[in-house]
Structure formats: C-alpha cells, structure tokens
Amino acid sequence: MSLLEVTNLQTSFNVTAGEVKAVDGVSFTLDKGKVLGIVGESGSGKSVTAYSIMQILSHPGKIMGGSIKLNGEELVGADSSVIQKIRGNKVSIIFQDPMTSLNPVFTIGNQLMEAILLHTSRNKKEARERALEMIRLVGINDPEKRLKQYPHELSGGMRQRIMIAMALACEPDILIADEPTTALDVTIQAQILELMKKLQKELGMAIIMVTHDLGVIVQMCDEVIVLYAGRICEKGTVDEIFYQPKHEYTKGLIRSIPYGSKKESRLIPIAGSPVDVLNLPKGCAFAPRCDKAMKICLEQKCDLIALDKTHFSSCWLNIADLIQSGKIVPEESLEPNDYEGGATHVGL
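Using my numbering, the first residue of the sequence shown is number 32, and each one after it goes up by one.
Quick look at the structure:
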C-alpha cells in the first residue's frame, strides 16, 4: 500500500464570476522514501493540490470530490480533530515565501517550540532541546542565539532553514515543499536543496516538491507530474519526462530551459498565454497554444493513457501515433480527419 493515494481530486473556488476548477481530476500515489515533483506554470494548480492534501485551503476554496488517503485513512470529509493530528505530525509543509511565513512578533524559539508542543507529548524543556537540535540539523550556527532572535534578524536563507526545521521537528512521513527556493539566490538555493536531499535520506521521509523550476525537479525527484489548467498532462519517472516527453506542453517546458550562453542555444518560449480558468476550452486546455493541435483537440478532452508501466500522457497526438502503429483501434464515432490538423486550426 502506498503512503499517500490521491484519486480524482477536484478542488474549486466559487467566486462571483463563476467556478474556478483549480484542480480537476488529479490522481497519483506516493511511496515511502520517494520524491514526487509537481511542475507547471503559475496557476496550473500545483499549490492548490498541496493545500488540498493538507486541507488548508483559504475561502472560498473547497474540495468538491475525490479521495485523499494517508496510510489507507481517508482525509476528505474527515473530522477536523483527525486532520489536526495529521498536520505537522504526519504531513508537514514548507510554504513558498520564508520572508512572510514566520510571525514577525514572535522569536524563532517561540515558533519552533509551539509546533513541537502542539504535535508531540514533549514538555517545554524537551521542546526547547528539540528546537535546538533541529536548528543544528539544518546547519545554522549558534542555535542558542537564534532561539532568541526574531525573523527580521535572520537572512532569507536562514529563515528558509528555520522553516525546514519547523516542518521536520515532528518527524513527518511526508514533507510538502511548495516552491522552497523561489525567494533565494542561486548559491543558497543549492544549499537548501542539498540539505533537503541529505535530510530525506537520513529520515527516510517522502517529499512532494512543488515547483516551476525544472532544474530542481531533475536534482530532487524520482517521479514527476506535469499540470496544466488543473489537469495532469503527463506523469512518469524523471528520465521519461525529460528524455522521452510525450505531451506538447511538457516539450514546451523543456524547450524553455536555458542551456548555457551560446547563441545557438536560444530560449524557445511557449506561444500564447496561460488559459483563462473561468472559460476553459471545450477540448484540451493547451490546444490554443499548441502548434500541433488537431481537430479532436479542440472538441474533446483527452484522458490519461498509459504509454508504459510508469509513463502516462493526456495528448491526442499519442493516441494518433498508437492508432497509426496499430496498437489501438479508434472509436467508431471518430473520423480519420479528426486526427489531422496543425497550427491553422487554432490560429497560431
């Protein structure tokens, strides 16, 4: 049994203009000791997926359907007391911005000890010792001094390390890292990622790495999920995603990675703008930006199809390839010209 099983997760925000389906049918599993990457552009549903697991969605966000099981225990619809025991204890999260995640009016020691006292049976003295131990574990010098300091007295990198220490203080089974290196410079980013890899191996926890940085995904992850407009475009192992990408959106993300400073390695951006989630297209959400879109892409959403035991994609081009190779038979309702087209169909 997997440590975490997410099945057909649907999370929406009902706003004045209508329903925003931030997460629309996302499914995945996470095993103990593994690192799962969730990647995509801003607004693709990465953070909302993480917050849905933790059930810390801000109003008017709500889980509309699906299942989230931790060690076989259903979390969707569970009593708030059950969720409270799981947060911080079984599943912890590092939020996006270390500059604003810590309370400016409380000392570092106060905030670290609060998490430990809340989620464990330690007394105040034991909580203080645990806080000192965690500060040392994340590589911050002079821990006694740091306990008495306020967040504004620490650098960005040190604040991020404190956030990691707080998340790991209760030895969770799963650590969710939501853009853990976004606000940091390149040198500190590398140190934080090395620290997370080191702690993951030492503690044997599973990690969900939420990021738009494909470089972080390559360094950290075993498996990857690519999200676009709240739906999974592609999922597979790191090697499958980076060396055998099958969805046009995944290919576009990879082409957007800068490679050195040579003139011939020119950056190729994805055409167009992210889709309006309040007015999603009838078919594939990425079709208006895809230069290989076919007639069927505009008319019908494509479900995830298995390309291999571990590799899945929701692209009609993959189905067209499988039909041409004779591996699958097309539906009777579809015409051959449904699998024809290109940029002229979508006006790119």
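Glycine included, each C-beta is placed from N, C-alpha and C at the ideal position. Note that the structure is predicted; figures quoted are calculated from it, not measured.
- Listed in chain order, the non-local C-beta contacts of residue 332 below 7 Å within the same chain comprise 314, 315, local neighbours out to five positions each way being set aside.
- Residue 73 is positioned such that its CB atom lies closer than 8 Å to that of residue 243.
- Restricting attention to 352, 298, 283, 342, the CA atom closest to the CA of residue 318 is found in 283.
- Residue 190 counts as buried, since no fewer than 16 other beta carbons sit within 10 angstroms of its beta carbon.
- By the Cβ-count criterion, residue 281 is buried, with 16 or more other Cβ atoms from all chains shown falling within 10 Å of its own Cβ.
- Listed as beta-bridge partners of residue 44 by DSSP are 51, 92.
- In the three-state DSSP reduction, residue 118 falls in the strand class (E or B).
- Here DSSP, grouped into helix, strand and coil, assigns residue 193 to helix.
- Residue 194 sits away from residue 224, with the two beta carbons spaced by 8 Å or more.
- Secondary structure at residue 181: coil, using DSSP grouped into helix, strand and coil.
- Residue burial is scored here from C-beta neighbours: residue 217 has fewer than 16 other C-beta atoms within 10 angstroms and is therefore classed as exposed.
- Cβ-Cβ distances below 6 Å link residue 88 to 82 in the same chain, with the five nearest sequence neighbours on each side left out; the list follows chain order.
- Beta-bridge analysis with DSSP links residue 107 to no other residue.
- Taken in chain order, the whole alpha helix (DSSP H) runs of length 4 or more contained in the stretch 206-257 are 217-234, 245-251.
- Per DSSP, the beta bridge partners of residue 263 are 258.
- By the 16-neighbour rule on beta-carbons within 10 angstroms, residue 150 is buried.
- In the structure shown, residue 100 falls within a strand segment according to DSSP collapsed to helix, strand and coil.
- For residue 353, there is no enclosing beta strand (DSSP E); the residue is found in the alpha helix (DSSP H) stretching over 347-355.
- DSSP places residue 148 inside the alpha helix (DSSP H), whose first and last residues are 139-150.
- Excluding the 5 residues flanking it on each side, residue 178 has same chain C-beta neighbours closer than 8 Å at 138, 139, 140, 143, 159, 162, 163, 166, in chain order.
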